[in-house]
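**Q**
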Amino acid sequence: MVEIKNFDVMVVGAGFGGMYMLHKLRQQGLKVRVLEAGDGVGGTWYWNRYPGARCDVESVQYSLQFDDDLEQEWNWSERYAAQPEILRYANHVADRFDLRRDIQFNARVSSAKYNESAKTWSLTTEEGEQFEAPFCVMALGCLSAPNHPHFDGAENFKGPIYHTGEWPHEGVNFEGKRVAVIGTGSSAIQSIPIIAKQAKSLTVFQRTANYAIPANNHNLDDDYIAEIKKTYKQLRAYAKTMPTGVAFDFRDIAALESTDEERRTEYQKRWDRGGLSFLGGFKDLLFVKEANDTAAEFVREKIRSLVDDPKVADMLCPENIIGCKRLCVDIGYYQTYNLPHVKLIDVSKNPIQRITSKGVLAHDIETEVDTIVFATGFDAMTGALNRINIEGRNGRQLREKWHGGARSYLGLAIAGFPNLFTVTGPGSPSVLTNMLPSIEQHVEWIDRCISDLRKSGKTEIEAEVVAENNWVDHVNETAELSLRSVCSSWYVGANVPGKPRVFMPYIGGFPRYVAKCEDVASKEYDGFQLS
Ligand code: NA7
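Just so we're aligned: the sequence shown equals residues 46 to 576 in the numbering used here.
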């Protein structure tokens, strides 16, 4: 007989979402167990250890704000924190709030089933351990199910194949190696300059060229940190008024109502400053194609000025809408192609034919390499949930419900799946915002919801189908207003063959979304069935 361990709440995932959820629920006096697939905390920052991995949101903003002491005692060293520093921060959070004693590591959940008569969730791990609790919170992260595209022959390749999102903990030494990188998304753009420094040769296979803005990364000095700490409250409050949940200089001026010179001055200022705020220069950049073209052309000109070989520069110049796919923040990416041992192969029209025992075959030419890096991204937002066998009412599977695309009420709850919550699920602003405040907002909402239920003596909460449908319609209608809905990005699942095309994150902005969540909660969980 397998022993079933009972808890008040089961939480899956020990990234920032799972950790904060545990901390909050404990404060309610609840017995909580967190199950984590890895052998440490940190989620995204635990798995993505590829060279150059770095957050594209400034470190002083990409940090937790629920605890003043935590905020004051932690010192970020760089404008954009690198993965090891963020992982150290995650570990610091775990230690500071004594979280590890309720986190079970190396426990990958394989199934979660709702028992309708007992009103409990039963979770089973791959090792066969079983857990039961009235509530289950999935804090799986939005970019945590790696996308491994199928290439014929990959099994015959003689050397190692790595995925950026599953990087070996001991690191990889590329010294003296011939390396192929497949993909040119953010992970590739961050890692390529560093791999190129070590490798004997580097060949990059590019399906879609990408826009990157220089990070202008630098160390943070003591005065700056002291000033931020003094004014943290105001900074955080201001950030929460922004659609992205990030405080940055967003201008309420249209590019199309500005002169060419005004536009260039603004783009140049933002290019020099570096980072994602490049797109905040004009309010119409993500809504009007002609406005977007002006910013796109500015960046293409920069690429042409940075890359020596005009043919390579042409290949690197994206044709699509800037910001449609997530904008990348780079440190010397384009310049890397000026190095004599770095080669770019365009596979946009003719895809990679196969992987051979010796390398990669494209355009009928075999590039012989010792190591291949898949920088091919993630089955975003739904992948991690769908990889667990989640069964709700009447034994209905979540992946079957989501066959035609994700459907969720507020990205927090799913009709047919009572007492199950998702942290930053599809239909919430999540990846279009600063993830940490979005995580905190979700965790606090779920915590309050469970507390309110317990106070009122209710045992079950479930999103209503009508409310869910209305929310999904609203998410879709809002997405259509933005140019972001038109291209083949992971926001719409286009990077995963066969995935239904649905714009998954809510594009209506952080403040509007938070107001909706507050409204729902204050109206006794409007749109939910409570019993
Ligand atoms: P992304 O941004 O999804 O990038 C994945 C890259 O891999 C992208 O260039 C893809 O080309 C490419 N790809 C995927 N499948 C293939 C195949 N079959 N052949 C060739 N190339 C392929 O993932 P990242 O990990 O870089 O970044 C994810 C997010 O993490 C990022 O947006 C930041 O928010 C942080 P495609 O563009 O689909 O043509």
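Ideal Cβ positions, reconstructed from N, Cα and C, are used throughout, including at glycine.
1) Please find out if some non-hydrogen atom of the ligand NA7 comes closer than 7 Å to the beta-carbon of ALA420.
2) Taking the alpha carbon of LEU455 as the point to measure from, which residue in ASP354, TYR91 and GLY572 has its own alpha carbon closest?
3) Count Cβ pairs between the segment 243–257 and the segment 297–316 that sit closer than 8 Å; are there 3 or more?
4) Based on Cα-Cα distance, which residue from THR427, VAL357, ALA299 and CYS100 lies nearest to ASP338?
5) Hey, ARG296 and PHE327 are a contact pair by Cβ (cut 8 Å); roughly how many whole angstroms apart?
6) Which class does ASN264 belong to by DSSP, given the choice of helix, strand or coil?
7) Using a threshold of 8 Å, state whether the C-beta atoms of GLN73 and ASP497 are closer than that.
8) Is the distance from the Cβ of GLY368 to the Cβ of LEU324 below 8 Å?
9) What three-state label does DSSP hand ALA341 in the structure shown?
10) Buried or exposed: which applies to LYS370, given that a residue is buried once 16 or more other Cβ atoms fall within 10 Å of its Cβ?
11) Please tell me whether LYS503 and LEU457 are closer than 8 Å, where the distance is taken between their beta carbons.
12) So the candidates are THR416, PHE180 and GLN110; which of them puts its Cα closest to the Cα of LYS278?
13) Does the ligand NA7 have a heavy atom nearer than 7 Å to the CB of TRP119?
14) Mind checking LYS347: buried by the 16 CB within 10 Å criterion, or exposed?
15) What's the gap between the Cα of PHE548 and the Cα of ASP359?
16) Measuring from the CB of ARG252, is there a heavy atom of the ligand NA7 at a distance below 7 Å?
17) Going residue by residue through the segment 117–158, where are the continuous beta strand (DSSP E) segments of at least 3 residues, counting only ones entirely within it?
18) Pick out whichever of ALA126, GLU103 and ARG71 has its Cα sitting closest to the Cα of VAL54.
19) Return yes when at least one heavy atom of the ligand NA7 lies under 7 Å from the C-beta of ARG371, else no.
20) Could you pull the start and end residues of the beta strand (DSSP E) that TYR207 belongs to?
21) Identify, in the order they occur along the chain, each residue of the same chain with its Cβ nearer than 8 Å to the Cβ of PRO556, setting aside the five sequence neighbours on each side.
22) In the DSSP assignment, the alpha helix (DSSP H) including ILE239 goes from what residue to what residue?
23) Which word fits MET183, buried or exposed, when buried means at least 16 other C-beta atoms lie within 10 angstroms of its C-beta?
24) Which residues bound the beta strand (DSSP E) around VAL56?
25) For HIS584, which option in ASN160, SER246, GLU215 and VAL86 has the closest C-alpha, if you only look at C-alpha atoms?
26) Per DSSP, which residues does SER246 bridge with? Please list them.
27) Mapping DSSP to helix, strand and coil, what is ILE366?
28) LEU606 lies in the beta strand (DSSP E); which residues open and close that run?
29) For ALA244, tell me which candidate among THR416, ALA566 and ASN540 has the shortest Cα-Cα distance.
30) Can you tell which of ASN261, GLY230 and LYS222 has the C-alpha that lies nearest to the C-alpha of HIS208?
31) Could you pull the DSSP bridge partners for CYS532 from this structure?
32) Can you give me the C-alpha to C-alpha distance between ASP197 and PHE142, rounded to a whole angstrom?
33) Given a threshold of 16 other Cβ atoms within 10 Å of its Cβ, counted over all protein chains shown, does GLY68 qualify as buried or as exposed?
34) So the alpha helix (DSSP H) GLU522 belongs to, where does it begin and stop?
35) For the beta strand (DSSP E) holding ASN255, just list the boundary residues, first then last.
36) Can you grab the Cα-Cα spacing for the pair ILE376 / PHE219, in whole Å?
**A** Walking through what the data contain:
1) yes
2) GLY572
3) no
4) ALA299
5) 6 Å
6) strand
7) no
8) yes
9) helix
10) buried
11) no
12) GLN110
13) no
14) buried
15) 30 Å
16) yes
17) none
18) ARG71
19) yes
20) 206–208
21) LYS285, THR286, MET287 and PRO288
22) 231–243
23) buried
24) 54–57
25) Outside the shown range of the chain (46 to 576) lies residue 584, about which nothing can therefore be said.
26) ARG223
27) coil
28) Residue 606 lies beyond the stretch modelled for the chain, which goes from 46 to 576, so this question has no answer here.
29) THR416
30) GLY230
31) DSSP, once it has assigned bridges, lists no residue as partnering CYS532.
32) 48 Å
33) Just to set this straight, residue 68 is His in the shown sequence, not Gly. HIS68 should be labelled buried.
34) 510–525
35) Run containing ASN255: none; DSSP gives neither H nor E here.
36) 19 Å
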